[in-house]
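> In the working numbering, the protein residues as written are 43 to 539. The beta-carbon is built from N, C-alpha and C at its ideal position, and this holds for glycine as well.
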Amino acid sequence: MRQVRVRFAPSPTGYLHVGNARTALFNWLFARQKRGAFILRVEDTDVERSRQEYYLRLMDDLRWLGLDWDEGPDIGGDYGPYRQSERLEIYRLYTQQLLEAGRAYYCFCSPEELEQARREALAAGRMPIYSGKCRHLSPEEAAARVARGEKAAVRLKTPDKGEVIFNDLVHGELHFQLEVIGDPILVRSNGLPAYNYAVVIDDHLMEITHVIRGEDHISNTPRQILTYQALGWEPPQFAHLSMVMGEDNTRLSKRHGATSVDQFAQEGILPEALFNYLAFLGWSPPEGQEVLSREELVELFNLSRVSRSAAIFDYQKLYWLNRQHLKRLTPGEKVTRVLPFLQKAGFLPEKLTREHHLWLEKAVEALIEGVNKLNELPEKFNLFFEFDLSKMEESARRILQAESARTVLEALAEELANRSAVSFEEFSDIAREVRQKTGVKGKELFHPIRVALTGQTSGLELDKFIPLIEEGARLTWRQPLLSARERIVRTLQWLTQ
RNA sequence: GCCCCUGUCGUCUAGCCAGGCCUAGGACAUCGCCCUUUCAAGGCGGCAACACGGGUUCGAAUCCCGUCGGGGGCGCCA
């Protein structure tokens, strides 16, 4: 059997959208599973909108997601060039061939003329198809007009009757009546190929075996098949993926929230989590597993299990998957992923020592549970680095102002006074002594201690928190990390002022 | 308007092709309980769907027809 070759062919006219990323991902999964080739091709014939910046970002985003390509504009390959703007000579060659064989013809109709015909057809309730006006011009006359410098597009001459049938790998057999197709533009009057023409040439020359793309291309497919036929080529297999929608069931767009891959990266979604989520948008494995690595997905993926209906992008489920993937990381890996976010928040010192790293591992381990996205973590780190009682919430304030709270904290301060740093075990002993000395116990005892230590009514368990501030206080940070004793002392000062 | 695709819990979906195994399974979300001196997380449990109408059949989520809903396309954009 022939080697599987698939491609992702984005146009560099914007950031990589999750919908496109999912298309790329399905292609990649298919290629990797079949031990085939995944090709990146850039469709940049829309000169108006294509930009170098987008092209570079596109590749960054794909790499970040973990999608690597075997051939592409940056690394080359045996079927290049991989940028359509560099393939114009190739298209021209085939256009010539088509023209000479009488399978295509020059069209001199003006855009205005066409637009008017289109409007009329729409008003009359017909499909707006090209009339075929220039179709019957004699080749000699057409050639003469072109030679004279008249602007002309090139159209494919399609049969008037019959139907185009193809077997879509996800939708099954699809039929299209030729009457509703019309003669598509192959080459624009500015000499650049139209999308529907360039894809056919490129896919064939690059020996693409499976075209896996969005459902919005379904109705383009018969036109493309007709082009293959005119050229005498065998079309590839097609698989059309359903659309990705927002919560309101309209096409996913910016107003639904983050939609570009780099936005998710910046928010702290793990690439493997986005990858996992995207794979489940319109596909599911036979056994119903949910949290899967790239490798597992490659193994399980199957085009025949791809769903035919549109899927709504569910941020909640993405977050849940992100938490699951977060959980699977080792403590060291967690720190590595979190570091950029802490860096940005300005917590980290110039130089991170081995001690800092070890402390961070424990801190991240303690705080990361329940975190949806990594960008939520710096805020949680405030628990260590921020201790400002004036910003306390009303409920916390009330706990500290209770009669017994002051008794407890004073006794605690006394116990802590002649020690440098305490472990949680030592702290528990101290708390026990405080209880005996003051007679305060249970909630009355622990609540004020928590607030005095953190300034908050909720947060980490004290048995995790206390060792962390005690150890952390010995390290150097951008801003001081207060020890338990310092926190108690400050709280008492605040109470007495 | 015309053409095409599509329709199972709020959401992603399993089941459909090979009709009985489905009083329709899982997951997210939601609600409740447990755990926890806090908040989460975690554990356990609950609520919740075959769009509708006709057929075919002993029997239909599964097959057929229609209706309605949703989406896409109808470019000298990709």
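Given a cut-off of 9 Å, decide if residue 348 and residue 330 are closer than it, judged by their beta-carbon atoms.
Taking the first residue of the first sequence as 1, we reach residue 330 at position 288. Taking the first residue of the first sequence as 1, we reach residue 348 at position 306. No, these two residues do not count as a Cβ contact at 9 Å.
> So, using beta-carbon positions, are residue 213 and residue 350 closer together than 9 Å?
The residue you call residue 213 lines up with position 171 of the first sequence. The residue you call residue 350 lines up with position 308 of the first sequence. The Cβ atoms of residue 213 and residue 350 sit closer than 9 Å to each other.
> Would you report the Cα separation of residue 408 and residue 506, rounded to the nearest angstrom?
Counting from 1 along the first sequence, the entry for residue 408 is found at position 366. Counting from 1 along the first sequence, the entry for residue 506 is found at position 464. Computed Cα separation, rounded: 7 Å.
> So which of 478, 503, 515 has the shortest CA-CA distance to residue 526?
As a working note, residue 526 is residue 484 in the first sequence. Nearest option by C-alpha distance: 515.
> Smallest Cα separation from residue 284: which of 297, 265, 260?
Reading the first sequence from its first residue, position 242 is the one you call residue 284. Out of 297, 265, 260, 260 has the C-alpha closest to the C-alpha of residue 284.
> Once you ignore the five residues that flank residue 546 on each side, which residues in its own chain have a CB closer than 7 Å to its CB?
Residue 546 lies beyond the range of the chain shown here (43 to 539); nothing can be said about it.
> Provide the residue span of the alpha helix (DSSP H) that contains residue 505, from first to last.
Here residue 505 refers to the residue found at position 463 when the first sequence is read from its first residue. Residue 505 -> alpha helix (DSSP H) spans 504–514.
> Taking all protein chains shown into account, decide if residue 252 is buried (16 or more other Cβ within 10 angstroms of its Cβ) or exposed.
Here the question's residue 252 lines up with position 210 in the first sequence. That one is buried.
> Can residue 80 be considered in contact with the ligand ZN, in the sense that its beta carbon sits closer than 8 Å to one or more heavy atoms?
This structure lacks the ligand ZN, and indeed carries no ligand of any kind.
> DSSP three-state call for residue 494: helix, strand or coil?
Counting from one through the first sequence, the residue named residue 494 turns up at place 452. The answer is helix: DSSP assigns residue 494 an H, G or I state.
> Please classify residue 126 as buried or exposed, where buried requires at least 16 other C-beta atoms within 10 Å of its C-beta.
If you number the first sequence from 1, residue 126 lands on position 84. Its Cβ being crowded by 16 or more others within 10 Å, residue 126 is buried.
> For the segment 116–123 and the segment 135–154, state whether three or more C-beta atom pairs, one from each stretch, are separated by less than 8 Å.
no
> Whole angstroms is fine: what's the gap from residue 220's alpha carbon to residue 137's?
Residue numbering aside, residue 220 sits at position 178 when the first sequence is read from its first letter. Residue numbering aside, residue 137 sits at position 95 when the first sequence is read from its first letter. For residue 220 and residue 137, the distance between alpha carbons rounds to 22 Å.
> In terms of residues, what are the limits of the beta strand (DSSP E) holding residue 198?
For the purposes of this step, residue 198 is identified with residue 156 of the first sequence, where counting begins at 1. In the DSSP annotation of this structure, the continuous segment of the beta strand (DSSP E) that includes residue 198 starts and ends at 195–198.
> Tell me, which residues are paired with residue 255 by DSSP?
Residue 255 sits at position 213 when you count from the first residue of the first sequence. DSSP, once it has assigned bridges, lists 282 as partnering residue 255.
> Tell me, to the nearest whole angstrom, how far the beta carbon of residue 236 is from that of residue 228; I am working on the premise that it is less than 8 Å.
Here residue 236 refers to the residue found at position 194 when the first sequence is read from its first residue. Here residue 228 refers to the residue found at position 186 when the first sequence is read from its first residue. Contact flag correct, Cβ pair sits at about 6 Å.
> Can you check which of these residues, 523, 502, 344, is closest to residue 406 by C-alpha distance?
Within the first sequence, residue 406 is the residue found at index 364, counting from 1. Residue 502 is the option with its Cα nearest to residue 406.
> Tell me residue 325's beta-bridge partners as DSSP assigns them.
What you label residue 325 is simply residue 283 of the first sequence in a count that begins at 1. In the DSSP output, where bridge partners are listed per residue, residue 325 has 348.
> Measuring alpha carbon to alpha carbon, tell me which residue in 60, 492, 233, 162 is nearest residue 88.
Sequence index remark: in the first sequence, residue 88 carries index 46 (1-based). Per the Cα distances, 233.
> Please say whether residue 196 and residue 146 have beta carbons closer to each other than 9 Å?
Here residue 146 is taken as the residue at index 104 of the first sequence, counted from 1. Here residue 196 is taken as the residue at index 154 of the first sequence, counted from 1. Cβ distance < 9 Å, so residue 146 and residue 196 count as in contact.
> Could you tell me the distance, in whole angstroms, from the CA atom of residue 356 to the CA atom of residue 365?
For the purposes of this step, residue 356 is taken as the residue at position 314 of the first sequence. For the purposes of this step, residue 365 is taken as the residue at position 323 of the first sequence. Roughly 15 Å separates the two Cα atoms.
> Just how far apart, CA to CA, sit residue 198 and residue 142?
Counting from one through the first sequence, the residue named residue 198 turns up at place 156. Counting from one through the first sequence, the residue named residue 142 turns up at place 100. The straight-line gap from Cα to Cα measures roughly 12 Å.
> Which of the three DSSP states is assigned to residue 112 in this structure?
Locating residue 112 in the first sequence gives position 70, where the first residue counts as 1. Coil, per DSSP.
> If you draw a straight line from the C-alpha of residue 188 to the C-alpha of residue 334, how long is it?
For the purposes of this step, residue 188 is taken as residue 146 along the first sequence, with counting starting at 1. For the purposes of this step, residue 334 is taken as residue 292 along the first sequence, with counting starting at 1. One C-alpha to the other measures close to 58 Å.
> What does the alpha-carbon distance come out to for the pair residue 308 and residue 262?
Working through the first sequence from its first residue, we reach residue 308 at position 266. Working through the first sequence from its first residue, we reach residue 262 at position 220. In this structure, the alpha-carbon of residue 308 lies about 35 Å from that of residue 262.
> Go through its chain and collect everything with a Cβ distance to residue 455's Cβ below 8 Å, but skip five positions before and after it.
Numbered from 1 along the first sequence, position 413 holds the residue referred to as residue 455. So the list reads 527, 530, 531, 534, once near-sequence residues are dropped.
> Would you give the residue range spanned by the beta strand (DSSP E) that residue 540 belongs to?
This structure cannot settle anything about residue 540, because the visible part of the chain is limited to 43 through 539.
> Which residue or residues does DSSP assign as beta-bridge partners of residue 219?
As a working mapping, residue 219 is identified with position 177 in the first sequence. Answer is 205.
> Where does residue 54 fall in DSSP's three states?
As a first step, residue 54 must be located in the first sequence, where it is residue number 12. Of the three classes helix, strand and coil, the one that applies to residue 54 here is coil, per DSSP.
> Mind checking residue 490: buried by the 16 CB within 10 Å criterion, or exposed?
By one-based count along the first sequence, residue 490 stands at place 448. Looking at its Cβ environment, which holds 16 or more other Cβ atoms inside 10 Å, residue 490 is buried.
> Whose C-beta lies closer than 8 Å to the C-beta of residue 86 among residues of the same chain, with five residues either side of it excluded?
Locating residue 86 in the first sequence gives position 44, where the first residue counts as 1. 53, 54, 92, 97, 125, 126, 127.
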